[in-house]
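Novice: Here you go, one structure.
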Amino acid sequence: MVEPLIYDLSSLGRRGVRFPEPDVPHTDLPEKFLRKELPLPEVSEPEVIRHFTRLSQLNHGVDTGFYPLGSCTMKYNPKINEQAARLPGFAHVHPLQPLETVQGSLILMHLLQEFLKEIGGFAGVTLQPAAGAHGELTGVSIIREYLHSIGETQRNKILIPDSAHGTNPATSSMSGMQVVELPSDERGNVDLEALRAECDQNLAGLMLTNPNTLGLFEEQTLEVIELVHEAGGLVYGDGANMNALLGIVRPGDLGFDVLHYNLHKTFSTPHGGGGPGSGPVGVAEHLVDFLPGPIVGIIDQGADDNPPLYGFLQPQKSIGRVKSFHGHFGIFVRAFTYILMHGASGLREVSEGAVLNANYLMSQLKDIYHLPFDRVCMHEFVFEGRWPDAPDIHAFDIAKRLMDFGFHPPTYYFPLIVKEALMIEPTETETLETLDAFVDAMRQIAEEAHTDPEILLTAPHNTPFARLDEVQAAKQLVFCCQVPEFIKAVEGD
Amino acid sequence: MNFPSELKYSKEDEWVQVDGNTGTIGITDFAQDQLSDIVYLEITLTEGESGEKGEVFGTVESVKAASDLFLPIGGKILEVNEDLLETPELVNSDPYGAGWLVKIEIADSSELDGLMNASDYETNTKERS
Numbered sequence: 003m004v005e006p007l008i009y010d011l012s013s014l015g016r017r018g019v020r021f022p023e024p025d026v027p028h029t030d031l032p033e034k035f036l037r038k039e040l041p042l043p044e045v046s047e048p049e050v051i052r053h054f055t056r057l058s059q060l061n062h063g064v065d066t067g068f069y070p071l072g073s074c075t076m077k078y079n080p081k082i083n084e085q086a087a088r089l090p091g092f093a094h095v096h097p098l099q100p101l102e103t104v105q106g107s108l109i110l111m112h113l114l115q116e117f118l119k120e121i122g123g124f125a126g127v128t129l130q131p132a133a134g135a136h137g138e139l140t141g142v143s144i145i146r147e148y149l150h151s152i153g154e155t156q157r158n159k160i161l162i163p164d165s166a167h168g169t170n171p172a173t174s175s176m177s178g179m180q181v182v183e184l185p186s187d188e189r190g191n192v193d194l195e196a197l198r199a200e201c202d203q204n205l206a207g208l209m210l211t212n213p214n215t216l217g218l219f220e221e222q223t224l225e226v227i228e229l230v231h232e233a234g235g236l237v238y239g240d241g242a243n244m245n246a247l248l249g250i251v252r253p254g255d256l257g258f259d260v261l262h263y264n265l266h267k268t269f270s271t272p273h274g275g276g277g278p279g280s281g282p283v284g285v286a287e288h289l290v291d292f293l294p295g296p297i298v299g300i301i302d303q304g305a306d307d308n309p310p311l312y313g314f315l316q317p318q319k320s321i322g323r324v325k326s327f328h329g330h331f332g333i334f335v336r337a338f339t340y341i342l343m344h345g346a347s348g349l350r351e352v353s354e355g356a357v358l359n360a361n362y363l364m365s366q367l368k369d370i371y372h373l374p375f376d377r378v379c380m381h382e383f384v385f386e387g388r389w390p391d392a393p394d395i396h397a398f399d400i401a402k403r404l405m406d407f408g409f410h411p412p413t414y415y416f417p418l419i420v421k422e423a424l425m426i427e428p429t430e431t432e433t434l435e436t437l438d439a440f441v442d443a444m445r446q447i448a449e450e451a452h453t454d455p456e457i458l459l460t461a462p463h464n465t466p467f468a469r470l471d472e473v474q475a476a477k478q479l480v481f482c483c484q485v486p487e488f489i490k491a492v493e494g495d
Numbered sequence: 057m058n059f060p061s062e063l064k065y066s067k068e069d070e071w072v073q074v075d076g077n078t079g080t081i082g083i084t085d086f087a088q089d090q091l092s093d094i095v096y097l098e099i100t101l102t103e104g105e106s107g108e109k110g111e112v113f114g115t116v117e118s119v120k121a122a123s124d125l126f127l128p129i130g131g132k133i134l135e136v137n138e139d140l141l142e143t144p145e146l147v148n149s150d151p152y153g154a155g156w157l158v159k160i161e162i163a164d165s166s167e168l169d170g171l172m173n174a175s176d177y178e179t180n181t182k183e184r185s
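Below is the structure:
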C-alpha cells in the first residue's frame, strides 16, 4: 500500500475552490509581484481530504493506541484543551492588537506564569521558548549572562551527567560552553567523587535531569546542588521529566536555579507531529532580571472602578527576546486548561498515577527483561532488550515486534549507559487493561525471541508497511519517486 | 569479533597500525558492531593539521547513536580516507581495511606504549558488553 504524493494526484486545471465575484472595487497586483508559475498541486476537495485521511491512518498516535515512548510523556491530550483553544476570543486574537482588546489572553498568560512558578517553586517564568531544547538554550544563556554580570567571565564549563537528556550537551555547546560528562554510580546517581573533581573556578554550572533518563530520582540531589553552588556554579534542571514530580517536589525548593517545563509533555499539549512544543523557563529570585523579555505583568494597577491593565514588562538585565511575538499562545491555552481542570490535588494525582503505572509495568516484566538499575522507578524505567541465550535479538527487534500488537515502540538505544536500552514510560492516562495487554505482548515477545526469533527479526507483520530501511532513510534524503515537472522548473530558475 | 594482533588499541575503541613513523587509524570491529549501521562520518581535522592524543578529530553517526572520534596518539594528519564520506558503510564491512579513517605522522612514538595490545583490548571489550 503506497500513498502517492499529493503532487502525483495533481491534474492540470482542476480546482477545489471557486472564488465568488468580488463585491468591492479591485486593484490588480503590480506586474513585478506576479509569478508566472505557481507550483501547487491542483486537486479537488475530496482528493485532498482522502489523501490526508489515508496518511493519518498510516500513523500511530495517542488517539489510536498506547504510546510508551520513554522520556517523551506521550499522555492523552484531553479534547477540552482543544475546545478552549478554539474559543473565538483566544483563536482570533492577533499579537499586534492594542493591549486593551486582549486583556483576557494576557491574563491567561499571566496566570499560567504564576501557576508554573507555583508548581516549580520559582520566582519568575518566561513563556517564550518554543520547545524543551529551546528552553535549555534560554536557561544556559541566562546562567552565562548572570555569571558575566558578577564578573565571573572565566566560568565556561558545564557538567552533564551521562544519564541526562541528549539535548543538554548540544545546548551547552551552542551556548559556547565546554561540556564535561559526569559518570553515574552503581545506583544510577551522579558520581559525587567525579563531581567534586570538576568543581573549580571554571565551573559555570551543571545540568541535571531529575528524575534522570534511567527513570530514577537522583538520591543525592541536595548534595549535588550544594557542591555546585559552593564552587560558584549554577544548577540547571531539565524539567522534561516533571510528570513524576507534580505536587510532590518543587525543583526550586531543592535549590535548582533554572528549570524548563515541557508543556507538550507534562501539561498534555500535543506532541511530536501534532505540536508545536512549548518550553517555558522558571528561574530563582537572583535570575529574574535576566529572563527573556517581554514578560506579561500588570502595567497599571487600576483603581476601584477600573480593573488592572495587563501588558508587557522588560526584565532589567534581560538576555533579550528568544521568540518572535509571545511564544506559542494556543499551547498556553491548552496547558492552562489542563492545569485548571486538575487543580493542585489533581496534578499531584497525575504524578502519582504516572509513577504507579511505571512501577506496575516494571514489576510485571522484570523477571524476564533485565533491569540493570533495580530500584523503585519514577515515571519510566529502562530494561535491557537482550538475552544471552537469544544472541540474534536486539532491542530494535523487540520494538518492531511490539508494533504488531498495536503498541508504539518504547524509546530504544537511549540512554546510552544501558546496553540495548528499552525505555518505557506508560504515563498516567492508561487503564490497567491496557497495561496488562502490554505486559502480555512483552512476555509473548520474550518467549518468541527464544523459540521463534525469525518472527522478531522480520517484524512488523501487521502494519501498513513492513520493516523500513533505516540506513537508506538516513542517507537518501530525497525520497520521492519523482520530482514533479513544475518543481524542476522552479529549481532550474 | 576480530582483534588483529598487529594493531594497537585505545580504550575509546580506535586502532592504530604503525608503519615506521606513520600511523593508520580506524575504529575497531567491536566499535562498529556496537554502533550498528553507520550512515554518516565527518573528519574535522584536515590534511596538514596536527592533533594531540585524545583530541576529537571527527564524528561517526549510525542509526543508533552519534559518537566522537578520538586520536589514540598525537600527530599531523597526512591523509584522510575520502571514500568514507560517500560510503561510510565501509567502516562496518571492513573496519581494519577499506574503513580506515586517517593516516598521521606520529609525533611521539612513546605514546604507543599507553595503548593496549589485541588480547588486552579483547578482554576490555568483554568487560563492557
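Line order of the protein sequences matches chains A and B.
When you line the first sequence up against my numbering, it's residues 3 to 495, in that order.
When you line the second sequence up against my numbering, it's residues 57 to 185, in that order.
Positions of the beta carbon are idealized from the N, C-alpha and C atoms, including for glycine.
As the structure is a computational prediction, the values presented were derived from the model and not from experiment.
Establish whether the CB of Y371 (chain A) and some CB of chain B are separated by less than 8 Å.
Specialist: Chain B contact via Cβ: absent.
Novice: Indicate whether the contact test is met: 3 or more Cβ pairs, each with one atom in the region 240-251 of chain A and one in the region 79-89 of chain A, closer than 8 Å.
Specialist: No: the two stretches stay apart, fewer than three of their Cβ pairs being nearer than 8 Å.
Novice: Going along chain A, which residues have a C-beta under 7 Å from K120 (chain B)?
Specialist: What K120 (chain B) touches in chain A: Y415.
Novice: Assuming G131 (chain B) contacts I160 (chain B) (C-beta within less than 8 Å), just tell me the rounded distance between them.
Specialist: Going by Cβ atoms, the distance from G131 (chain B) to I160 (chain B) rounds to 4 Å, so yes, they are a contact pair.
Novice: Return the first residue and the last residue of the alpha helix (DSSP H) that G348 (chain A) is part of.
Specialist: Here the alpha helix (DSSP H) through G348 (chain A) covers 331-367.
Novice: Within the region 383-424 of chain A, note down every full alpha helix (DSSP H) run reaching 4 residues or more, in order along the chain.
Specialist: Listed in chain order, the complete alpha helix (DSSP H) runs (minimum 4 residues) inside the region 383-424 of chain A are 397-404.
Novice: Leaving out the 5 sequence neighbours to the left and right, which residues in its chain are closer than 8 Å to F126 (chain B) when beta-carbon positions are compared?
Specialist: S66, E68, E70, G110, E111, V112, F113, listed in sequence order.
Novice: In whole angstroms, give me the CA-to-CA distance for P70 (chain A) and A305 (chain A).
Specialist: For P70 (chain A) and A305 (chain A), the distance between alpha carbons rounds to 52 Å.
Novice: Using three-state DSSP, classify I8 (chain A) as helix, strand or coil.
Specialist: In the structure shown, I8 (chain A) sits in a helix (DSSP, three-state: H, G or I).
Novice: Quick one: which chain E residues come within Cβ less than 7 Å of V95 (chain B)?
Specialist: The structure shown contains no chain E; its protein chains are A and B.
Novice: Give the DSSP-derived three-state secondary structure of V142 (chain A) in the structure shown.
Specialist: It is helical.
Novice: Tell me the DSSP secondary structure of D495 (chain A) in three-state form.
Specialist: Its pLDDT being 44, under 50, D495 (chain A) is placed unreliably in this model, and the coordinates cannot settle the point.
Novice: I need the boundaries of the beta strand (DSSP E) containing V473 (chain A), first residue and last residue.
Specialist: No beta strand (DSSP E) holds V473 (chain A); the alpha helix (DSSP H) holding it covers 472-477.
Novice: Take E62 (chain B) as the anchor and find which of B:Y152, B:L157, B:R184, B:D164 has the nearest alpha-carbon.
Specialist: Checking every option, the nearest Cα to that of E62 (chain B) belongs to B:Y152.
Novice: List the whole-angstrom C-beta distance separating A121 (chain B) from L97 (chain B), where the pair is believed to meet the contact cut-off of C-beta under 8 Å.
Specialist: In fact, because the Cβ distance is near 13 Å, the residues do not count as touching under 8 Å.
Novice: Below 6 Å CB to CB, which residues in the same chain sit around K501 (chain A) once its five sequence neighbours on both sides are set aside?
Specialist: For chain A, the structure presents residues 3 to 495; residue 501 (chain A) sits outside this window and is missing.
Novice: Using a Cβ cut-off of 7 Å, pull out every chain B residue sitting near L161 (chain A), in sequence order please.
Specialist: The premise fails here: L161 (chain A) is roughly 17 Å from chain B at the closest Cβ pair, so nothing lies under 7 Å.
Novice: How about Y371 (chain A) and E386 (chain A): do their beta carbons lie closer than 8 Å?
Specialist: The answer is yes: Cβ separation under 8 Å.
Novice: For a contact defined as C-beta to C-beta under 9 Å, what are the partners of L110 (chain A) on chain B?
Specialist: Within chain B, no residue comes near L110 (chain A); the closest Cβ sits about 40 Å away, beyond 9 Å.
Novice: Nearest chain B C-beta to L459 (chain A) closer than 8 Å, yes or no?
Specialist: Not an interface residue.
Novice: Identify the residues that DSSP records as bridge partners of V251 (chain A): which are they?
Specialist: None, per the DSSP bridge assignment.
Novice: Provide the residue(s) that pair with T181 (chain B) in DSSP beta bridges, ordered along the chain.
Specialist: Paired residues: none, contrary to the question.
Novice: Which residue wins for smallest C-alpha separation from A163 (chain B), given the options B:G104, B:A87, B:W156?
Specialist: If we check each option's Cα against that of A163 (chain B), B:G104 comes out closest.
Novice: Taking T211 (chain A) as the reference, which of A:K319, A:M380, A:L110 has the closest Cα?
Specialist: Among A:K319, A:M380, A:L110, the Cα nearest to that of T211 (chain A) is on A:M380.
Novice: Is it the case that the Cβ atoms of F117 (chain A) and G254 (chain A) are separated by a distance below 8 Å?
Specialist: No, the Cβ-Cβ distance between F117 (chain A) and G254 (chain A) is not below 8 Å.
Novice: Return the first residue and the last residue of the alpha helix (DSSP H) that G130 (chain B) is part of.
Specialist: Unbroken run through G130 (chain B): none, as it is neither H nor E.
Novice: What does W71 (chain B) pair with, by DSSP beta-bridge criteria?
Specialist: Paired residues: B:Y65, B:G82.
Novice: Given a threshold of 16 other Cβ atoms within 10 Å of its Cβ, counted over all protein chains shown, does A356 (chain A) qualify as buried or as exposed?
Specialist: It is buried - the Cβ of A356 (chain A) has at least 16 other Cβ atoms within 10 Å.
Novice: If I measure Cβ to Cβ from G313 (chain A) and keep anything under 6 Å in the same chain, skipping five residues before and after, which residues do I get?
Specialist: Excluding sequence neighbours, G313 (chain A) sits near L101, I301.
Novice: Nearest to L289 (chain A) by alpha carbon, out of A:Q318, A:H273, A:N204?
Specialist: Answer by Cα proximity: A:Q318.
Novice: Which value, in whole angstroms, describes the spacing of the CA atoms of L311 (chain A) and V116 (chain B)?
Specialist: Distance between the alpha carbons of L311 (chain A) and V116 (chain B) is about 55 Å.
Novice: Under 8 Å Cβ to Cβ from D291 (chain A), same chain only, skipping five residues before and after it: list those, please.
Specialist: For D291 (chain A), where only same-chain residues beyond five positions count, the Cβ hits under 8 Å are P317, Q318, K319, S320.
Novice: Tell me whether M405 (chain A) is buried or exposed, calling it buried when 16 or more other Cβ atoms sit within 10 Å of its Cβ.
Specialist: Buried, since its Cβ has 16 or more Cβ neighbours within 10 Å.
Novice: Would you report the Cα separation of E39 (chain A) and E33 (chain A), rounded to the nearest angstrom?
Specialist: Approximately 13 Å, taken between the alpha carbons.
Novice: What residue range is occupied by the uninterrupted alpha helix (DSSP H) comprising K109 (chain B)?
Specialist: Taken as a continuous stretch (DSSP letters only), K109 (chain B) belongs to no alpha helix (DSSP H), as it is neither H nor E.
Novice: So, helix, strand or coil for Y148 (chain A), using DSSP?
Specialist: The answer is helix: DSSP assigns Y148 (chain A) an H, G or I state.
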